[in-house]
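First residue of the sequence shown? That's 2 in our numbering, and the numbers climb one at a time after it.
The beta-carbon is built from N, C-alpha and C at its ideal position, and this holds for glycine as well.
What you are looking at is a predicted structure, and each value in this text was computed from that prediction instead of being measured.
Below you'll find the structure, written out as C-alpha cells, and then a few comments.
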Amino acid sequence: MGMSGGGGGKKSRATLSEINVTPLVDVMLVLLIMFMVTTPLMQQGIDVDLPKTSSSGVEMNEEPFVLVIAADQKMTIAKTRIQMDELKPKLKAIFEHKKNKQVFIQADRKVDYGFVAEAMAEVRAAGIFNIGLVTLPKDK
C-alpha cells in the first residue's frame with residue numbers, strides 16, 4: 002500500500018499578478034519636476050491687457066496715451082524723446098491726476114523683446130497696470 006507522491010508534486014497555480022509601479026513613479030516624478038520648473042517662470046511674466054478691438058477700433062473718451070519704441074530702441078511720448086530711466090518718474094507725474102490709467106505701447110517689430118519687456122516693467126512700476134500693445138491686423 003504505497004502512496005505515490007501524495008500531494009508533493011502539486012504546482013501552485015496562483016501566479017503573481019502585481020502591477021509594476023516603477024514606470025508610473027518615473028513618469029510622475031518627471032511631471033512633478035516639469036511642474037516645479039515651469040510654475041516660477043509663469044509667475045515672473047508680465048501680464049499684458051491687450052485692448053479689445055472690434056472692426057471699428059477702440060472707443061476712447063480721451064486721447065490714448067501711446068509710448069512709441071522705434072527700431073533703434075529710441076522711445077518717444079507725444080513726439081518727445083525719453084530715456085528708459087526717465088520713463089517711470091515721467092509717467093507717474095503724467096498719470097497722477099488722470100482717471101484712465103492706460104498706456105499703449107507701439108513698438109517696431111525689429112525691437113528686441115527684452116527691451117519692450119523692460120519698458121513694460123517701467124510702466125508697471127509707475128503704477129499703470131492697464132497696458133496695451135498696438136498691432137496691425139494680419140492680411141488674409
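Per DSSP, the bridge partner or partners of residue i
i, result
"Arg82", "Thr77"
"Ile106", "Leu68 and Leu134"
Beta-carbon proximity of residue i to residue j, cut-off 8 angstroms
i, j, result
"Val135", "Phe105", "yes"
"Gln84", "Phe116", "no"
"Ala111", "Ala72", "Before going further, note that residue 111 is Lys rather than Ala in the sequence given. Closer than 8 angstroms, so yes."
"Ala118", "Leu88", "no"
"Lys93", "Gly128", "yes"
Outcome for residue i when other beta-carbon atoms lying within 10 angstroms are tallied against a minimum of 16
i, result
"Ala122", "exposed"
"Leu33", "exposed"
"Leu25", "exposed"
"Ile47", "Confidence in Ile47 is poor, its pLDDT being 48 and thus under 50, which makes the residue's placement too unreliable to answer from."
"Ala108", "buried"
"Met76", "buried"
"Gln45", "Per-residue confidence for Gln45 stands at a pLDDT of 49, beneath the threshold of 50, marking its modelled position as unreliable; no derived number is given."
Residue i: CB within 7 angstroms of a non-hydrogen atom of the ligand FAD
i, result
"Ala79", "Looking at this structure, you won't find the ligand FAD or any other ligand, since it has none at all."
Checklist entry - With contact counted as at least three CB pairs below 8 angstroms, one residue from each stretch, are the segment 66 to 74 and the segment 28 to 36 in contact? => result no
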